[in-house]
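Q: Those protein sequences? They're chains F and Z, same order as listed.
The working numbering puts the first residue of the first sequence at 1014, with every later residue one more than the last.
The working numbering puts the first residue of the second sequence at 358, with every later residue one more than the last.
Note that the Cβ used here is the ideal one computed from N, Cα and C, for glycine as well.
One structure is given below, represented as structure tokens, and several questions about it will come after.
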Amino acid sequence: MRPAGRRELDSLYFDYPTYPFRTPPELAGESPLHPVLIVGAGPIGLVAALTLARLGIASVVLEQKDTLNDGSRAICVSRYSFETLQQLGVVDRFLAKGLGWTSGRCYFRDQLIYRFAMPNPEDERFYPMYNIQQQYIEQFLVDEAAKYPELIDIRWQSEVSGVVQTEHAVELQVETPEGSYSAKGRYLLAADGARSAVRNLMDLRLNGKNLPGNYVIADLRMEHDFPTERRSFFESSANPQATILIHKQPDNIWRVDWQVPAGADLEEAVSEATVRARVADILTMIDHTGSWELEWWSIYTANTLCLDDYRHRRVLFIGDAAHIVPIFGVRGLNNGIADAVNAGWKLAYQLRDGAGHQLLDSYTPERRGATLDVFRNAGKSSRFMTPPTRGYVLMRKAVLELSLTQDFVRPFADPRQVQPWIYDQSPLTSPDQDSSDFSAGPPPGAPLQNIRLGNDDFLLDYPGRGFNVLYFAGKEPVDAAIPSLAEHLRKLDPLLRTLVIGTGTAVDFAGEWTLPDPAGHLARTYGAIPGSLYLVRPDRHVAGRWREANAVATIAAMNRALGVPCDE
Amino acid sequence: MNETLEFADLEQVYDLLAEAIDQVGPERETLLLAKLSLLLAHHIPDISLVSEAIATALANCDTAESIGRPGPDL
């Protein structure tokens, strides 16, 4: 919603582009079979399109609107998502625009009761979290997609009105300003959000819980001197009955969320007069005396809802189309990006015919596992932010009052921010052969951990687009078996890149990359000795690792990571 | 006491207590919590720790009242 007198896209700071409708080949009598159709040009659909394009797979993105999302929705992007954006080659604009942050403060009755700090070690290139408005996220991704004119075809003003699956394809009915047509694809990614048309057309239902409590979310513009931190307020002087959250965004925009009291009239709660009065009280509480302008507001509830299966044959659901999670802990966008990458690389390998039938089967267990973990964590946060019953109201009050003097209860106020999910139970992951093999380093299923190699020089600057091998040479020359292993793996994945990590003058072999690790910091952090090897999936998650490189085991793990059943 | 409960366990206790309070209903929740306090105190062999805890709980209640801004529903 916008203040009276301003239209839907009349932003104080963002100029909404209008994307034209272009006549697709289907309306000129052709009927191409596209490798992948994507419904929804939000951040999740666009990350999927870019992931596919980086792996050489063409996609058609169908979007109902002719512009980017109106208003500001997601604002917090995690380090793990930034590492993904770096991999997609688009991170520079996000870094230039986003506001990095590491910490937050919780207040009870206007007294500071808890400060949390997210780990931000020297080895990281990115902050644990960045705030940036969703329309910038979409803008940067749309601009990046334009660099792949042969591989990404975004079709604006194209609404999906029908979905049919045949044995070899998915057919969409698409409504446009120039009439309707049928679009055919080998696979479909449904990235059309919480009210997914694809989901409804396929008659699928989200299951789970609608949590009690309504929140109003408002963006305002003001000159306000406070660092980029998450601030939360319980029983504040501004509104003793409401939990309040404040976040800083680029362009002097501030996000304020407050809880609507139970039983309140929701229509009244989102009226401009009420929103202005609430904001004024909150600004008084935080000692803001200057002027402010209201940009946009909305209302939301917290839900833990998801599909029972994220894949229905040739249709894969990604982002909010598959699951709706509570906002506390910033998991909606970040998990959606991880869904898009997971589905994207698997589809790309499936379409190249190098993959086994278990590859696409692994999408649901890996990503639904992440959703269920989100529900556990966000459920806890939500019960604290919005106690659902008298029992929870009483317990929260007890904890908050004790927290004025007692340290041990203060972590209850922690927002439990998103952590990358580990695919250790995945059918694609090869576990460590012996639990004592590695005393450190990312375990099988975990994402690569960044390492500072030098000034503006990090481990995650080096992986290629496909699978990667990290081979630790130490001071020794590269073992003679490694080039032939790399050769063999490259037959399974032509995009494979081998990164040789050496403390001395490791001997190169043709076409591979050498990373100097003179102090041995990378090797130590990865628990590696000369001869250790990590096999890494295209999404940076470890498929398997060996204290002493073993060609047979590595090839078996590679097959397993490509969904080829191991015949033992 | 040198040993304390892990925070993850404390989180579980929080949920268990909230659910127990909901189960007995508002009229008997005070009795439930009084009984629970006696049961837990029984496992603490040093009365000074128990009386210190009672004082801490009381002190926080005083703080709350002096601010005079009660929260929702309570």
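Runs of 4 residues minimum, wholly inside the segment 1284-1360 of chain F: which ones carry the alpha helix (DSSP H) assignment?
A: Complete alpha helix (DSSP H) runs here, min 4: 1285-1298.
Q: For the segment 358-372 of chain Z, enumerate the residues whose C-beta is nearer than 8 Å to any C-beta of chain F, in chain order.
A: Cβ contacts with chain F: T361, F364, L367, E368, Y371, D372.
Q: Cβ closer than 9 Å: which chain Z residues qualify as neighbours of P1424/F?
A: In chain order: F364, L367, E368.
Q: Restricting to runs no shorter than 3 residues, where is the beta strand (DSSP E) found entirely within the segment 1462-1532 of chain F?
A: The segment 1462-1532 of chain F contains these whole beta strand (DSSP E) runs: 1465-1467, 1481-1487, 1510-1515, 1526-1529.
Q: Are the Cβ atoms of A1062/F and I1070/F separated by less than 7 Å?
A: Not closer than 7 Å, so no.
Q: Distance, Cα to Cα, S1094/F vs R1268/F?
A: Approximately 21 Å between the Cα atoms of the pair.
Q: Name, in chain order, the residues that DSSP records as bridge partners for I1165/F.
A: Looking at the DSSP assignment, I1165/F forms a beta bridge with S1072/F.
Q: With a 10 Å radius around its C-beta and 16 neighbouring C-beta atoms as the bar for buried, classify E422/Z as buried or exposed.
A: Residue placement at E422/Z is poorly supported in this model, since its pLDDT is 41, which falls under 50; the coordinates are not used for a value here.
Q: Determine the direct distance from the alpha carbon of P1456/F to that of E1180/F, and round the result to whole angstroms.
A: Straight-line Cα distance between these residues: approximately 39 Å.
Q: Can you tell me whether L1441/F is buried or exposed? The criterion is at least 16 other CB atoms within 10 Å of its CB, across all chains shown.
A: Buried: at least 16 other Cβ atoms inside 10 Å.
Q: Using only the alpha-carbon positions, how far apart do T1189/F and E1172/F sit?
A: Cα to Cα, the separation comes out at about 7 Å.
Q: Could you please give the first and the last residue of the uninterrupted beta strand (DSSP E) stretch that includes P1225/F?
A: Per DSSP, P1225/F belongs to the beta strand (DSSP E) from 1220-1234.
Q: Can you tell me whether L373/Z is buried or exposed? The criterion is at least 16 other CB atoms within 10 Å of its CB, across all chains shown.
A: Per the 10 Å Cβ criterion, exposed.
Q: Inspect the beta-carbon positions of F1330/F and A1210/F and report whether they are closer than 7 Å.
A: Not a contact, by the Cβ cut-off of 7 Å.
Q: Under 9 Å between beta-carbons, which chain F residues line up against T413/Z? List them in chain order, please.
A: The answer, in chain order, is L1415, T1418, Q1419.
Q: Mind listing which residues of the segment 1396-1410 of chain F have their C-beta closer than 7 Å to chain Z's C-betas, in chain order?
A: Going along the segment 1396-1410 of chain F in chain order, one finds T1402, R1403, G1404, Y1405, V1406, L1407, M1408, K1410 with a Cβ nearer than 7 Å to chain Z.
Q: Quick check on the burial criterion: 16 or more other C-beta atoms within 10 angstroms. Buried or exposed for Q1262/F?
A: Buried.
Q: Identify which residue in C1089/F, L1224/F, S1245/F has its Cα closest to the Cα of P1401/F.
A: Out of C1089/F, L1224/F, S1245/F, L1224/F has the C-alpha closest to the C-alpha of P1401/F.
Q: Whole angstroms are fine: how far does the CA of R1086/F sit from the CA of Q1186/F?
A: Their backbone Cα atoms lie some 29 Å apart in a straight line.
Q: Have a look at D1321/F and Q1124/F and give me their C-alpha separation to the nearest angstrom.
A: So the alpha carbons of these two residues sit roughly 43 Å apart.
Q: What residues in its chain sit with their C-beta under 8 Å from that of A1275/F, if we drop five residues either side in the sequence?
A: Answer for A1275/F: P1225, G1226, listed in chain order.
Q: Can you list, in chain order, the residues of its chain whose CB lies under 6 Å from that of I378/Z, leaving out five sequence neighbours each side?
A: Only E386 meet the Cβ criterion.
Q: Ignoring anything shorter than 3 residues or poking outside the segment 1166-1200 of chain F, list the beta strand (DSSP E) runs there in chain order.
A: You should have 1172-1178, 1183-1189.
Q: If you reduce the DSSP assignment to three classes, tell me which class K1078/F lands in.
A: Note: K1078/F maps to coil in three-state DSSP.
Q: Using a Cβ cut-off of 9 Å, pull out every chain F residue sitting near E376/Z, in sequence order please.
A: Result: T1402, G1404, Y1405.
Q: Can you find the residues in the same chain that come closer than 7 Å, C-beta to C-beta, to Y1412/F, ignoring five residues on each side of it along the sequence?
A: Reading off the sequence, residue 1412/F comes out as Val, not Tyr. Hits under 7 Å: V1422, F1425.
Q: To the nearest whole angstrom, what separates the beta carbons of R1327/F and V1183/F, a pair I think is in contact under 8 Å?
A: The Cβ separation is near 5 Å, so the contact holds.
Q: Taking only beta-carbon atoms, is D379/Z less than 7 Å away from chain F?
A: By this cut-off, D379/Z is an interface position.
Q: Just to confirm before moving on: does the CB-CB distance between T1538/F and I1464/F stay below 7 Å?
A: Cβ atoms of T1538/F and I1464/F: closer than 7 Å.
Q: Can you tell which of Y1194/F, A1493/F, I1495/F has its C-alpha closest to the C-alpha of E1039/F?
A: Of the listed residues, the one whose Cα sits closest to E1039/F is Y1194/F.
Q: Given that K1078/F touches chain Z, what residues does it touch there, using C-beta distances under 8 Å?
A: Correct list: empty, because the minimum Cβ distance to chain Z is about 39 Å.
Q: By the criterion of Cβ-Cβ separation under 8 Å, what are the contact partners of A416/Z in chain F?
A: Correct list: T1418.
Q: Would you tell me roughly how many angstroms separate the C-alpha atoms of S1174/F and D1023/F, rounded to the nearest one?
A: Roughly 29 Å separates the two Cα atoms.
Q: Looking at G1111/F and E1242/F, is the spacing between their C-beta atoms short of 7 Å?
A: No.
Q: In whole angstroms, what is the alpha-carbon distance linking E1281/F and T1287/F?
A: One C-alpha to the other measures close to 7 Å.
Q: Less than 6 Å between C-beta atoms, sequence neighbours within five positions excluded: which residues of the same chain meet that for A1066/F?
A: Around A1066/F: Y1161, L1164, I1165.
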